[in-house]
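Everything on this sheet refers to the single structure shown next.
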Amino acid sequence: MPHGQDVEHENAPDEASKYECLHCGDIVESESHPGACDCGGQFQNRAKSLE
Ligand SMILES: [Zn+2]
Numbered sequence: 226m227p228h229g230q231d232v233e234h235e236n237a238p239d240e241a242s243k244y245e246c247l248h249c250g251d252i253v254e255s256e257s258h259p260g261a262c263d264c265g266g267q268f269q270n271r272a273k274s275l276e
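Residue numbers for the sequence shown follow our numbering, beginning at 226 and rising by one.
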């Protein structure tokens, strides 16, 4: 009987990005932009380097 090699599938998981509220500093991990924070501030994707 055929015995194939096991192939490792690199399954890219849904990567969650971290978003930090620019107003209160709250950090949320989400796959998509979480929108507005409870405090009313805007979330900034922490993956992006902001200088
Ligand atoms: Zn906030």
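We put the beta carbon where it would ideally sit given N, CA and C, even for glycine.
These numbers come from a predicted model, not from an experiment.
Among the bridge pairs identified by DSSP, glutamate 245 is matched with Ile252 and Gln269.
Screening all residues for a C-beta within a distance smaller than 5 Å of any heavy atom in ligand 1 leaves Cys246, His248, Cys249, Asp251, Cys262, Cys264 and Gly266, in chain order. Remark: C-beta atoms of lysine 243 and glutamate 256 do not approach each other more closely than 7 Å.
For the 7 Å CB-CB criterion, glutamate 245 and glutamine 269 form a contact.
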